[in-house]
Each structure stands twice: as C-alpha cells, then as structure tokens.
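According to the numbering used here, the sequence shown holds residues 112 to 269 in order. Data block below; observations after.
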Amino acid sequence: MSSIITSPSHAAFERTTSRWGSITLFIGFLIATSVPFYLIFVADANIVFGDADLELAAATAPYGVFDNAGQDCCARSRILVHDSVFERFMELLEPAVSGVVVTDPSLEEAEMGPLISRGHRESVAGFLEGVDIAFTGSAPSGAGYWMAPTVVLPKTPR
C-alpha cells in the first residue's frame with residue numbers, strides 16, 4: 112500500500128511519528144542517506160553551461176520551477192549559471208518569468224496557479240524576506256494564495 116500525505120507539515124509529522132509511522136517509507140530519506148552530499152546539492156538545480164543555448168535555457172527554465180506553483184518534488188528551485196553567461200542569461204530570463212501566466216488553474220491559459228494554503232504562502236513569502244530579488248512576475252490579487260513568480264540573486268559572489 113502507498114499513501115501520499117498532502118497536508119500541512121504538522122499533520123504529516125503526526126502521521127509519520129505515530130506507532131504506525133515505522134511502516135512509512137521515505138524514498139527521499141533513503142536517497143539522502145545513501146548518496147554523496149554534492150549530488151543532493153545539485154539535484155534540484157538547472158545547470159546552464161557557458162556554451163548553452165541561452166535563449167532556450169531562459170525560455171524553459173521558469174517552467175522547471177513554477178509548474179504546480181513550485182509545489183512538487185521535481186521543482187528546480189535553483190539555476191546554476193556559468194559566470195561567463197550570467198548577465199546575458201538573466202536578461203533573457205526576465206521576460207520569460209514575466210510571461211508566466213498566473214491565474215485560475217482551471218483556465219486553459221493557466222501556467223501557474225495559487226499556492227495550496229495561507230500557511231504555505233506565508234512560508235514562501237518568508238523565504239523572500241531579506242534577499243535580493245532580481246525580478247518578479249505578476250499574480251492575481253484578491254481571494255486565493257497567489258504568489259508571483261520570483262527570481263532572487265545569488266547570496267554569495269558568483
């Protein structure tokens with residue numbers, strides 16, 4: 112039997128630490144304890160080399176993270192860009208991020224929907240506090256847990 116826990120982290124914690132929690136298998140845990148750290152470090156990143164097709168990389172990179180509003184295990188939360196092409200890549204990435212259509216996911220034109228809960232939206236907004244934002248797209252206002260697609264600058268020197 113397999114269960115996917117789609118609930119706030121406190122509910123998942125209760126489920127997985129109960130007396131039945133020992134039968135819960137965490138694939139992520141097994142992988143994390145069996146592979147070298149450097150593999151984990153780049154596992155969630157797009158990598159753009161100096162000789163990459165920058166137009167293609169910039170046009171497709173936003174969908175690696177913003178599909179499902181970034182709420183899946185395959186989301187690419189980072190883009191590692193070779194220093195020799197960083198400035199040009201960022202120039203190309205900005206319109207691609209601005210072009211992500213954030214709207215009601217039941218609409219055909221939707222490319223990104225809202226976050227799943229107020230708590231998750233607050234958590235994501237907290238990640239953006241005190242960081243240098245390169246640019247951001249747009250999101251609907253009003254009811255819903257909307258978050259605009261956002262790209263932050265590297266914290267350490269390139």
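Here a beta-carbon is modelled for each residue, glycine too, at the ideal position from N, C-alpha and C.
- By Cβ distance below 6 Å, which residues in the same chain neighbour THR247 in space, the five residues on each side in sequence not counted? As a first step, residue 247 must be located in the sequence shown, where it is residue number 136. So the qualifying residues of the chain are ALA259 and THR261.
- Item | Where the beta strand (DSSP E) containing LEU191 begins and where it ends | Taking the first residue of the sequence shown as position 1, residue 191 is located at position 80. Per DSSP, LEU191 belongs to the beta strand (DSSP E) from 189-192.
- Reference THR67; option with closest CA among VAL242, SER188 and PRO225: Not covered by the structure: residue 67. The range shown for the chain is 112 to 269.
- Would you grab the beta carbon distance between ALA172 and LEU218 for me? Rounded to a whole angstrom, and I think it's under 8 Å. Here the question's residue 172 lines up with position 61 in the sequence shown. Here the question's residue 218 lines up with position 107 in the sequence shown. Between LEU218 and ALA172 the Cβ distance is about 23 Å, and since that is not below 8 Å, they are no contact.
- Item | THR261 - partner residues in DSSP beta bridges | As a working mapping, residue 261 is identified with position 150 in the sequence shown. Per DSSP, THR247.
- Query: Closest by CA to ALA221, which one among LEU165, ARG229, ASP164 and PHE177?
  - Reply: In the sequence shown, residue 221 corresponds to position 110, counting from 1. Looking at the Cα atoms, PHE177 is the closest of the given residues.
- Query: Grouping DSSP H, G and I as helix and E and B as strand, with all else coil, what is VAL242?
  - Reply: Position 131 of the sequence shown, counting from 1, holds the residue named residue 242. Coil at VAL242, not helix or strand.
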